[in-house]
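Enquirer: Heads up: the sequence shown begins at 2 in this note's numbering, then just goes up one per residue.
Sharing a structure below in structure tokens format, with a few things to ask.
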Amino acid sequence: MKFNQIQLTNQLTLKIISLIFSYLIWSILSQQHIATIEKNIPICFYNLNDNFEIFAPENLNIKVSGTRYDLWFNESNAVHIDSSFVNEEKEYEFEIYPQHIFLRPQLNLISYKPSRIKINAKKI
2 MKFNQIQLTN QLTLKIISLI FSYLIWSILS QQHIATIEKN IPICFYNLND NFEIFAPENL
62 NIKVSGTRYD LWFNESNAVH IDSSFVNEEK EYEFEIYPQH IFLRPQLNLI SYKPSRIKIN
122 AKKI
């Protein structure tokens with residue numbers, strides 16, 4: 002009876018060690034896997050004349066690829082648009098280029114939409 006208990010304990014210990022070891026290998030390998038995600042990022046305006054108020058879409062949909070680790074810690078993305086061109090009350094059409102989209106250097110921008118946004122400027 003004692004021999005069976007020792008053998009059972011050894012098998013259980015071996016199974017637990019194998020499970021932990023396989024999880025560690027999986028987590029290391031999966032973090033280096035290249036993945037692609039689609040997400041909405043905010044559109045931010047700067048250098049706005051104090052006499053104007055801007056009405057524009059709030060988000061831009063982007064598709065990026067990178068390692069899972071880089072995608073997990075990717076919360077500081079945004080589109081930054083210099084709004085100093087707004088000098089009268091009218092509707093502007095602004096074309097967004099990849100330079101306007103701020104991403105971590107480890108990520109690759111695959112696509113974004115819309116590529117043009119309409120900006121309505123109203124005098125305050």
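Using N, Cα and C, we set each Cβ at its ideal position, and we do this for glycine too.
1. Within 10 Å of its beta-carbon, does TYR113 have 16 or more other beta-carbons around it, so buried, or fewer, so exposed?
2. Would you kindly check if the distance between the Cβ of ILE118 and the Cβ of PRO58 is under 8 Å?
3. Can the beta-carbon of ILE55 be found closer than 8 Å to that of VAL87?
4. At 3 residues or longer, and completely inside the stretch 32-57: list those beta strand (DSSP E) runs for me, N to C.
5. Starting from ASN1, follow its DSSP beta bridges and name the residues at the other end.
6. Please report the residue range of the beta strand (DSSP E) in which ILE120 lies.
7. From ILE125 to SER84, what does the alpha carbon distance come to, in whole angstroms?
8. My understanding is that LEU49 touches ASN78, with C-beta atoms under 8 Å, so please give their C-beta distance in whole angstroms.
9. Does ILE63 pass the burial test, meaning 16 or more other C-beta atoms within 10 Å, or should it be called exposed?
Expert: By the coordinates alone:
1. buried
2. yes
3. yes
4. 35-47 and 53-56
5. Because the chain is modelled from 2 through 125, residue 1 falls outside the range shown and cannot be assessed.
6. 117-124
7. 16 Å
8. Contact doesn't hold; Cβ gap of about 21 Å is too wide.
9. buried
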